[in-house]
Amino acid sequence: MSRFKKDLEEYAKLSRAYPGEVRRRKGEGEKVVCYYGSRVPVEVIHASGAVPYPLFDGGDVGPPEAALPYLLPFINVQARYQVGQHVSGLNPIIPIADLIIIDCKETDLVRVGDAFEFLGLPVWKLGVPQDWEKELAFNYYQRQLSNLKQKLKELTGEVVTNDKLEQSIKKYNRVRGLLSQIGALRKEHPPAIGGEDFIRLNHYALRSDTDDAIKSLERIYEDLKQEKGKFLEGAPRIMIAGRGFAFGDYTIPRIIEDSGGVTVTELLDEAIVQSGEAKVDEDPLVNIAQLYYRDMVPPCLFTPSWEKRWERVDKMIDEYQVNGLLYYMLSFDVIYDYEYPIFAKRANEKGIPFEMIESSYDFSREATETLRTRVESFIRICGR
Amino acid sequence: MGKRDWHREYLVKCAGFGDPPWDRELDDMLEKWRRAAKKLKLTDDDLKYIVTDWIPRNFDIELEGTRKVIGVLTAEAIDMMMASERKAIGEKIVYGVLPAHTVFYRALKFTDPKINVYFIDANFVSFIQPLFHKIAPFLDYAEEHGVRYGCRHCALNKTRYTLLRQGIVPLPDVSWIWGFICDQAPKSDEFIKEYWNQEYPIIYSRWSHHGAAHEKEYQNEEMVKYLGSVMREGYEQVCKLLDIEVDEKAIMKALEERRAYLIKYEQLSQFMAAHPPPFNGEIPLILSHGLWAVFNTGYKYYNEALEAVIRDARERVAKGEGIVPKGSPSGMMWFMPYCNPFIMRMFEENGVVIAFCDALLPSKADLEPLKFDDPFEANAEAFLKEAMMTNWGTKADLTIEKMANYNVDFMIWGFEDFDRWLGSDQKLCLAYVERKTGKPCFYIEGDEWEDRDYSEESMRTRIETICQVVKARLSAGP
Chain U
1 MSRFKKDLEE YAKLSRAYPG EVRRRKGEGE KVVCYYGSRV PVEVIHASGA
51 VPYPLFDGGD VGPPEAALPY LLPFINVQAR YQVGQHVSGL NPIIPIADLI
101 IIDCKETDLV RVGDAFEFLG LPVWKLGVPQ DWEKELAFNY YQRQLSNLKQ
151 KLKELTGEVV TNDKLEQSIK KYNRVRGLLS QIGALRKEHP PAIGGEDFIR
201 LNHYALRSDT DDAIKSLERI YEDLKQEKGK FLEGAPRIMI AGRGFAFGDY
251 TIPRIIEDSG GVTVTELLDE AIVQSGEAKV DEDPLVNIAQ LYYRDMVPPC
301 LFTPSWEKRW ERVDKMIDEY QVNGLLYYML SFDVIYDYEY PIFAKRANEK
351 GIPFEMIESS YDFSREATET LRTRVESFIR ICGR
Chain P
1001 MGKRDWHREY LVKCAGFGDP PWDRELDDML EKWRRAAKKL KLTDDDLKYI
1051 VTDWIPRNFD IELEGTRKVI GVLTAEAIDM MMASERKAIG EKIVYGVLPA
1101 HTVFYRALKF TDPKINVYFI DANFVSFIQP LFHKIAPFLD YAEEHGVRYG
1151 CRHCALNKTR YTLLRQGIVP LPDVSWIWGF ICDQAPKSDE FIKEYWNQEY
1201 PIIYSRWSHH GAAHEKEYQN EEMVKYLGSV MREGYEQVCK LLDIEVDEKA
1251 IMKALEERRA YLIKYEQLSQ FMAAHPPPFN GEIPLILSHG LWAVFNTGYK
1301 YYNEALEAVI RDARERVAKG EGIVPKGSPS GMMWFMPYCN PFIMRMFEEN
1351 GVVIAFCDAL LPSKADLEPL KFDDPFEANA EAFLKEAMMT NWGTKADLTI
1401 EKMANYNVDF MIWGFEDFDR WLGSDQKLCL AYVERKTGKP CFYIEGDEWE
1451 DRDYSEESMR TRIETICQVV KARLSAGP
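The listed protein sequences correspond, in order, to chains U and P. Note that this note's numbering has the first sequence beginning at 1, numbered continuously upward. Note that this note's numbering has the second sequence beginning at 1001, numbered continuously upward.
Pasting the structure below:
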């Protein structure tokens, strides 16, 4: 086993132990704060002294079904998963959460918060105006972050000072920076790390203590600089776009690699550490708002966003010498369902093969083999 | 015997243009209607079918009010089909989407009468589907041009896309999209622009729903002021693009006009609370569009239609007559599938009536004076009072209030399974309202705008069952 694989496995163990760690800290009197959605700045939770826990599990067909007494079948499968997972008793943290912060940049996320409210959970909704290019919207988001700071103070009894925020920003900047550096190693031919491991690393970083994350990622980055990797020279280089891969949802990235391809870059909105760096000077809360609201790639739900998002995809295709674009669609994800035909059209204009793969989190053998056939064909086309 | 003129018969027998005072406009309207029908590919056979079968079967056109409500929809559709001609002679075209308050769009017209304002989604769908049962070709076309059937996109947005892409309506001078309710409407505009590669000015005004359960957002000053500032910013941009000044007096005039209509509408709601109600809630629902979807034809036809419907209601209530026998259960639906009118008929065939559409029915708070003076903040306050805008808990509270206020025996949600905002909390609301009121509550899967996914017969079984349960529950007593 290579040093990278060994360190990756070590980090996986740490991350798998994180829910237990959260429960232990809860037992010792610390407050536990869950959050759902990429525009909840974890730095603020961290600076309040609460233990952050991101929600974005998925990859199993049962929980979305269990959500149907509360949500419509046509809410996207990821949102339904959150509710179904809780009512099925599968999430170890939600029942003990002192607060669940919901990113209200889209209605499907809001409805997860609504169902949690209905089920008696302590929900707090963060207003995230979608018309992000407007100054007044940015100002409102900043005020919402101030309200969040106040809410966390009421919860933990800790004042979220600028000093504490600055410390948190530095730590999360380091995590973001390391993951960006690791991701950029995939510019190499062949890359030392593929998409499945990179997505897993992101998940581990989201679900582990920040200090542990920094230590592990530093080690892994050094490993990878020496690593040859398992991919063949000339393996088709794939970019993946879409909402995101849930914690536990690794089938598609794995099939890509099993089929002889390698995922070299992504445009994903959720369950991934977004790249970027918050400034540390002056007002740290404003800096956090600037990073999360304006500097990160606008998520699909921001309005407008598709021109900017395609610019990003276009740039990444060139920088990473991508041979094909795969769009990972979650079933009934209605706004992403508008995005993929636009990307398909632009990819066609650029001369890049495009494929959309839709998932209802049904990874039964029958469903997976159908997906495998489609991915294999796509990889073959990309390799021509 | 000469060939029957089905177009003329439609306007006279079904659409109120044989009744005074609209009969004076008949010849002019008929000429315009023929052109509109041609543009919409409505054939003589289509007209024959709806005049002799579909409309008499589904609408009570013996009533003057019903004919005039059909006339309101028809007059607006005719006007909308003239938008290209208006644009060609230099008049401005502005589009909005349901649901939005009519105020700002009306204010544009008050500022410059040569500005034409259309809601090409709701006002067109409310014409083509309930009156002609012909929305399917518009949806099919959108689905052949990038909007997948399988993901359950909203029929309103698909229709809007088709109307634009087929050139039935022109590209606007500005599309001001109120993304205050759902994500889909504003993203549909962005989709049309990006996928179809058409450039036209779009102003996006958005709202992030973050009210806590049971919070009254209209009492939250931070929210009201922010939404007011979003409305102001959007309106100012629209005015700039149209090269007109922001006229706050025009906004206040439009606000008063809408409020006067709201107060008059409330009279009708009171008649509808009679047992038995004079008719089902479809006609009142269509009239409530005057509050939500601006008509380029303004309130001229609306006011006269509303007055006629109130006269019909008053007369029937005074006689103790209704659409079902006295003692029959009277219910409310959160959103009534009025575009598929056969559904309401089935309830009536089973001795039950759906009298109200909760989503569009004014609440007590709607009728109270506004607290904010600034015209934009006042509009924001009014908008945040709406059941469609508020959080699930307050929405459920409003349902409970209206059920008590309007003497409702049971409640039905559904027909909005495509709507990720308006439909998506209905199961929560149902469970809450059922627990709080003890009254029978139901949910029916379906789509209020179209019926490609269900047939009359498949719906019949569900409705018969609901009617049986309602009657059994009421006969058993509280």
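Cβ atoms here follow ideal geometry from the backbone N, Cα and C, with glycine treated the same way. Fair warning: this is a prediction, and the values are worked out from it, not measured in the lab.
Using 8 Å as the limit for Cβ to Cβ distance, is residue i near chain U?
{"i": "residue 1418/P", "result": "yes"}
{"i": "residue 1165/P", "result": "no"}
{"i": "residue 1427/P", "result": "yes"}
{"i": "residue 1169/P", "result": "no"}
{"i": "residue 1104/P", "result": "no"}
{"i": "residue 1213/P", "result": "yes"}
{"i": "residue 1204/P", "result": "yes"}
{"i": "residue 1190/P", "result": "yes"}
Taking all protein chains shown into account, decide if residue i is buried (16 or more other Cβ within 10 angstroms of its Cβ) or exposed.
{"i": "residue 132/U", "result": "buried"}
{"i": "residue 1300/P", "result": "exposed"}
{"i": "residue 1311/P", "result": "exposed"}
{"i": "residue 1416/P", "result": "buried"}
{"i": "residue 50/U", "result": "buried"}
{"i": "residue 1484/P", "result": "Since the displayed chain P opens at 1001 and closes at 1478, residue 1484/P lies outside it and no answer follows."}
{"i": "residue 256/U", "result": "buried"}
{"i": "residue 100/U", "result": "buried"}
{"i": "residue 186/U", "result": "buried"}
{"i": "residue 1004/P", "result": "exposed"}
{"i": "residue 1388/P", "result": "buried"}
Using a Cβ cut-off of 8 Å (strictly closer), state whether residue i contacts chain P.
{"i": "residue 138/U", "result": "no"}
{"i": "residue 370/U", "result": "no"}
{"i": "residue 149/U", "result": "no"}
{"i": "residue 118/U", "result": "yes"}
{"i": "residue 36/U", "result": "no"}
{"i": "residue 388/U", "result": "Here chain U has residues from 1 to 384 only, and residue 388/U is not among them."}
{"i": "residue 345/U", "result": "yes"}
{"i": "residue 341/U", "result": "yes"}
{"i": "residue 314/U", "result": "no"}
Quick one: which chain P residues come within Cβ less than 8 Å of residue i?
{"i": "residue 107/U", "result": "1182, 1183, 1209, 1420, 1421, 1424"}
Give the DSSP-derived three-state secondary structure of residue i in the structure shown.
{"i": "residue 361/U", "result": "coil"}
{"i": "residue 1117/P", "result": "strand"}
{"i": "residue 1060/P", "result": "coil"}
{"i": "residue 1139/P", "result": "helix"}
{"i": "residue 309/U", "result": "helix"}
{"i": "residue 132/U", "result": "coil"}
{"i": "residue 1151/P", "result": "coil"}
{"i": "residue 1375/P", "result": "helix"}
{"i": "residue 104/U", "result": "coil"}
{"i": "residue 385/U", "result": "No answer is possible for residue 385/U: it lies beyond the span of chain U, which begins at 1 and ends at 384."}
{"i": "residue 1449/P", "result": "coil"}
{"i": "residue 1354/P", "result": "strand"}
{"i": "residue 1103/P", "result": "helix"}
{"i": "residue 36/U", "result": "strand"}
{"i": "residue 1071/P", "result": "helix"}
{"i": "residue 1168/P", "result": "coil"}
Going along chain U in order, which residues have a C-beta closer than 7 Å to the C-beta of residue i?
{"i": "residue 1187/P", "result": "303, 335, 338"}
{"i": "residue 1392/P", "result": "114"}
In chain U, which residues lie with their C-beta within 8 Å of the C-beta of residue i?
{"i": "residue 1152/P", "result": "74, 332, 334"}
{"i": "residue 1313/P", "result": "Simply none; closest approach about 35 Å."}
Can you pull the chain P neighbours of residue i, defined as C-beta to C-beta under 7 Å?
{"i": "residue 110/U", "result": "1209"}
List the residues of chain P whose Cβ lies closer than 9 Å to the Cβ of residue i, in chain order.
{"i": "residue 357/U", "result": "Correct list: empty, because the minimum Cβ distance to chain P is about 14 Å."}
{"i": "residue 71/U", "result": "1424, 1425, 1427, 1428"}
{"i": "residue 128/U", "result": "1208, 1210"}
{"i": "residue 125/U", "result": "1208, 1209, 1210, 1211, 1212, 1391"}
For residue i, return the contacting residues in chain U, with the cut-off set at a CB-CB distance below 9 Å.
{"i": "residue 1125/P", "result": "Within chain U, no residue comes near residue 1125/P; the closest Cβ sits about 18 Å away, beyond 9 Å."}
Legend entry - Members of the stretch 1130-1148 of chain P that neighbour chain U once the beta carbon cut-off is set at 7 Å: Answer in chain order: 1146, 1148.
Inset, instruction - May I ask you to list, following chain order, the residues of the stretch 84-107 of chain U that have a beta carbon less than 7 Å from some beta carbon of chain P? - result: The stretch 84-107 of chain U vs chain P, Cβ under 7 Å: 104, 105, 106, 107.
Inset, instruction - Identify each residue in the stretch 190-223 of chain U for which the Cβ-Cβ distance to at least one residue of chain P is less than 8 Å, and report them in chain order. - result: Across the stretch 190-223 of chain U, no CB contact with chain P closer than 8 Å is found for any residue.
Legend entry - Contact list for the stretch 1229-1253 of chain P against chain U, Cβ threshold 8 Å: Considering only beta carbons, the part of the stretch 1229-1253 of chain P lying closer than 8 Å to chain U consists of 1229, 1230, 1233, in chain order.
Inset, instruction - Give, in chain order, every residue of the stretch 157-176 of chain U whose Cβ lies closer than 9 Å to some Cβ of chain P. - result: Going along the stretch 157-176 of chain U in chain order, one finds no residue with a Cβ nearer than 9 Å to chain P.
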